[in-house]
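Under the working numbering, the first residue of the sequence shown carries the number 2, and numbering increases by one thereafter.
By construction, the Cβ of each residue, glycine as well, lies at the ideal position given by its N, Cα and C atoms.
If you're wondering where the values come from, they're calculated on a predicted model, not measured in any experiment.
Have a look at the structure below, then the notes.
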Amino acid sequence: MECKICYEAFNQAARVPKTVPCGHTVCLQCLQRCERRECPTCRTAYSVTPESLPNTFAVLEMMEELDKFRLIRGWCSDCRAAATRRCLDEHAVLSPRAAERRLKEQVPAGALQEAAALLQDVQCQGEEVLHALTLLSAPSWDLTLRAGGRQLNGTLANTEDPLIKALWVVLARSATLTQSDPGQMEEEKAAALQEVQGVVRLVKVWCPGDPAWSLELLQRAAPTVEWLEVVHPCEPHLRAVLAMPRLRRLQLFCDGALDAAPPELGALPPGHSGLRWLRVLRLPRATLQSLLRAHGGTLEELELVVGEPGEREWPYSCSDLHSLLGRCGLRALRRLLLRRGLYRHIATGCRGQRAAVRAALPGVRVLCDECDPVEGEEP
Numbered sequence: 002m003e004c005k006i007c008y009e010a011f012n013q014a015a016r017v018p019k020t021v022p023c024g025h026t027v028c029l030q031c032l033q034r035c036e037r038r039e040c041p042t043c044r045t046a047y048s049v050t051p052e053s054l055p056n057t058f059a060v061l062e063m064m065e066e067l068d069k070f071r072l073i074r075g076w077c078s079d080c081r082a083a084a085t086r087r088c089l090d091e092h093a094v095l096s097p098r099a100a101e102r103r104l105k106e107q108v109p110a111g112a113l114q115e116a117a118a119l120l121q122d123v124q125c126q127g128e129e130v131l132h133a134l135t136l137l138s139a140p141s142w143d144l145t146l147r148a149g150g151r152q153l154n155g156t157l158a159n160t161e162d163p164l165i166k167a168l169w170v171v172l173a174r175s176a177t178l179t180q181s182d183p184g185q186m187e188e189e190k191a192a193a194l195q196e197v198q199g200v201v202r203l204v205k206v207w208c209p210g211d212p213a214w215s216l217e218l219l220q221r222a223a224p225t226v227e228w229l230e231v232v233h234p235c236e237p238h239l240r241a242v243l244a245m246p247r248l249r250r251l252q253l254f255c256d257g258a259l260d261a262a263p264p265e266l267g268a269l270p271p272g273h274s275g276l277r278w279l280r281v282l283r284l285p286r287a288t289l290q291s292l293l294r295a296h297g298g299t300l301e302e303l304e305l306v307v308g309e310p311g312e313r314e315w316p317y318s319c320s321d322l323h324s325l326l327g328r329c330g331l332r333a334l335r336r337l338l339l340r341r342g343l344y345r346h347i348a349t350g351c352r353g354q355r356a357a358v359r360a361a362l363p364g365v366r367v368l369c370d371e372c373d374p375v376e377g378e379e380p
């Protein structure tokens with residue numbers, strides 16, 4: 002369970018979940034980082050210190066239940082996988098310690114030594130043991146590897162080859178693996194692909210979990226969708242969004258994955274009506290400029306998460322925002338809201354930045370969510 006401001010997992014210390022008087026739940030660290038005593042989600046003010054706000058006990062209780070379940074999880078000999086709650090009641094389940102012994106039996110130290118000298122000290126603990134046993138137990142695994150727009154597919158059979166055994170241990174130890182029911186997941190994804198056709202509003206499209214599926218989801222929704230929220234897209238997702246002919250409102254949250262090779266988005270395809278409303282977080286500077294140029298003739302409202310002038314890199318600070326926006330041909334823009342989030346904000350610098358933007362964009366109402374009373378708006 003994570004904080005929706007910093008996207009870090011809640012814990013019992015610095016990131017303990019706190020209930021703000023407005024009802025939102027935010028981790029203590031994010032509240033402490035805010036210059037003002039106000040909710041970073043809706044900007045509602047409160048009078049007490051962040052430490053004095055009540056803990057969100059419902060979240061803490063759920064975390065405790067999850068922790069208890071992790072502690073009792075073991076290896077299900079019947080399912081040949083990590084035990085579920087049902088396995089604990091109905092199947093033969095090895096305790097975590099017994100599962101570790103089983104793993105040592107299946108991958109003796111000699112196997113790692115034969116594989117490579119560097120693997121001699123590789124050890125699995127906790128959840129890693131369950132992942133390793135799962136990998137070792139199946140006759141074979143279908144593998145999909147994705148990176149940099151490329152994809153490799155293959156099947157790797159389980160044999161007595163010590164290299165194969167060592168590979169599974171390394172994956173369990175070093176990769177961030179998650180387990181899901183492939184049948185159920187595929188059914189849900191297939192259903193979503195059918196249901197998305199004809200929708201007008203589509204939110205929380207999470208691209209990293211399954212990039213190919215999320216891309217197909219966007220492509221199927223493209224003919225009719227008008228409101229869209231996309232989280233952590235890759236370049237193909239961005240281009241699919243740009244091709245949506247009826248899209249009016251777009252919320253785009255990025256995670257830095259595009260920074261190494263920022264894509265340049267060209268002109269709108271024929272028949273595209275153009276965006277009217279746009280909110281952007283962490284889109285690379287060059288990509289943002291190309292997106293704004295493409296929609297410069299129609300975009301009326303822009304919400305940009307960016308810092309004030311400073312020495313840090315984009316978007317944590319920006320000393321030439323007026324120049325950046327002035328070159329984008331924003332002919333229809335009437336309102337610009339600068340959202341600071343946890344980025345740099347000092348009132349004097351903010352005033353200078355907004356004044357420069359107003360001079361570059363005459364007639365545009367330029368606001369800051371830290372300095373001006375603004376109402377939150379969802380796309």
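What is the residue span of the alpha helix (DSSP H) that residue i lies within?
i, result
"L292", "R286 to A295"
"E129", "E128 to S138"
"E39", "Careful: E39 lies outside any alpha helix (DSSP H) and carries neither H nor E."
"P97", "P97 to Q107"
"S324", "L322 to G327"
Applying the 10 Å Cβ sphere with the 16-neighbour rule, what's the burial state of residue i?
i, result
"H346", "buried"
"V226", "buried"
"P316", "buried"
"D370", "buried"
"P234", "buried"
"P374", "exposed"
"E379", "Any reading at E379 must be qualified, since the residue scores a pLDDT of 47, below 50, and its modelled position is unreliable; the value itself is stated next. Exposed."
"A173", "buried"
"K19", "buried"
"A100", "buried"
"S215", "buried"
"L331", "buried"
"M245", "buried"
"A84", "buried"
Which class does residue i belong to by DSSP, given the choice of helix, strand or coil?
i, result
"F58", "helix"
"A258", "coil"
"W315", "coil"
"R366", "strand"
"V171", "helix"
"G155", "strand"
"R34", "helix"
"Q220", "helix"
"Q198", "coil"
"Q354", "helix"
"A193", "helix"
"E371", "coil"
"V242", "helix"
"E3", "strand"
"L359", "One detail in the question is off: residue 359 reads as Arg in this sequence, not Leu. Helix."
"T145", "strand"
Taking 8 angstroms as the threshold (C-beta atoms), are residue j and residue i in contact?
i, j, result
"G327", "L292", "no"
"P237", "L259", "no"
"R103", "L134", "yes"
"L229", "L251", "yes"
"V17", "C40", "no"
"L219", "V204", "no"
"L334", "E301", "yes"
"C255", "L282", "yes"
From the options, pick the residue whose C-alpha is nearest to that of residue i; which is it?
i, options, result
"L253", "E265, T299, L305 and L266", "L305"
"V200", "L269, V206 and P224", "P224"
"R294", "L269, P55, E314 and V17", "L269"
"V108", "L95, T85, C88 and N159", "N159"
"L266", "L303, R277, C329 and V232", "C329"
"S96", "A82, C88 and W76", "W76"
"E129", "L144, A82, G155 and A93", "A82"
"G353", "A192, I6 and C372", "C372"
"P384", "V232, A222 and Q198", "There is no way to answer for residue 384, as the model of the chain reaches only from 2 to 380."
What residue range is occupied by the uninterrupted beta strand (DSSP E) comprising residue i?
i, result
"C28", "T26 to C28"
"R277", "Neither: R277 is in no beta strand (DSSP E) and is coded neither H nor E."
"T20", "P18 to T20"
"E230", "W228 to V232"
"E304", "E302 to V306"
"V204", "R202 to W207"
"L337", "R336 to R340"
Is the beta carbon of residue i within less than 7 angstroms of some heavy atom of the ligand HEM?
i, result
"A356", "Questions concerning the ligand HEM fall outside what the structure shown contains, since it holds no ligand whatsoever."
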